[in-house]
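Down below is the structure, laid out as structure tokens.
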Amino acid sequence: MADNLQKRPSKGILKNSSSFDKQDSRNAKKSKETKWDEMNIIATLHPADKDYGHMKIDEPKTPYYRDEAESEDVLDATELAEKIRLSTGKPPKAMESDDSEDDDEELTPEERIKKKEFESKRKKHYNEYYAVKLARKLLEEEEDEDDDANVAESKSSQGNPSNS
Numbered sequence: 001m002a003d004n005l006q007k008r009p010s011k012g013i014l015k016n017s018s019s020f021d022k023q024d025s026r027n028a029k030k031s032k033e034t035k036w037d038e039m040n041i042i043a044t045l046h047p048a049d050k051d052y053g054h055m056k057i058d059e060p061k062t063p064y065y066r067d068e069a070e071s072e073d074v075l076d077a078t079e080l081a082e083k084i085r086l087s088t089g090k091p092p093k094a095m096e097s098d099d100s101e102d103d104d105e106e107l108t109p110e111e112r113i114k115k116k117e118f119e120s121k122r123k124k125h126y127n128e129y130y131a132v133k134l135a136r137k138l139l140e141e142e143e144d145e146d147d148d149a150n151v152a153e154s155k156s157s158q159g160n161p162s163n164s
């Protein structure tokens, strides 16, 4: 039995007990120290041939930046008067008519047919609202006429019992 007291217990899978492993913990502390290789760090910190994923964007400067001290937007009265004088002889561009006839000359016969079909369908579509409105009005008038005829017929049958 004395032999069993002198023996160390076999290592288990549970957490190490500090009472048995005092000598091992001293060795473990020494191995946990970090040693830095400073020359390697300096050499690999920012090597010239590596970009670390940063992109260099080569774009021209923004063209809209203006230094307010350099340019002042002052309206010159004589320049404005000259522009007005030149523009009075010409009609406004909005009033100019675009000749779509020139476009027809460039179209093939199939394209001309398609264009005419499209224009006719577009006209029908635009007129559809008015056609529905007219149809409703005609239906209402027809119903009113039928109602008037029914009222007149019922009055005549009530006034003259021999007709029924």
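Heads up: the sequence shown is residues 1 to 164, going by UniProt numbering.
Heads up, the beta-carbon is just placed ideally off N, CA and C, and yes, glycines get one too.
Residue i, buried or exposed, once every other Cβ within 10 Å from all chains shown has been counted against 16
i, result
"residue 164", "Low per-residue confidence applies at residue 164: pLDDT is 46, beneath 50, and the placement is therefore not dependable, though the value from the model is reported in the following sentence. Residue 164 is exposed by the Cβ-count criterion."
"residue 53", "exposed"
8 angstroms contact criterion, which residue i and residue j should meet: CB distance rounded
i, j, result
"residue 116", "residue 107", "The pair is not a contact, with the Cβ atoms about 10 angstroms apart (cut-off 8 angstroms)."
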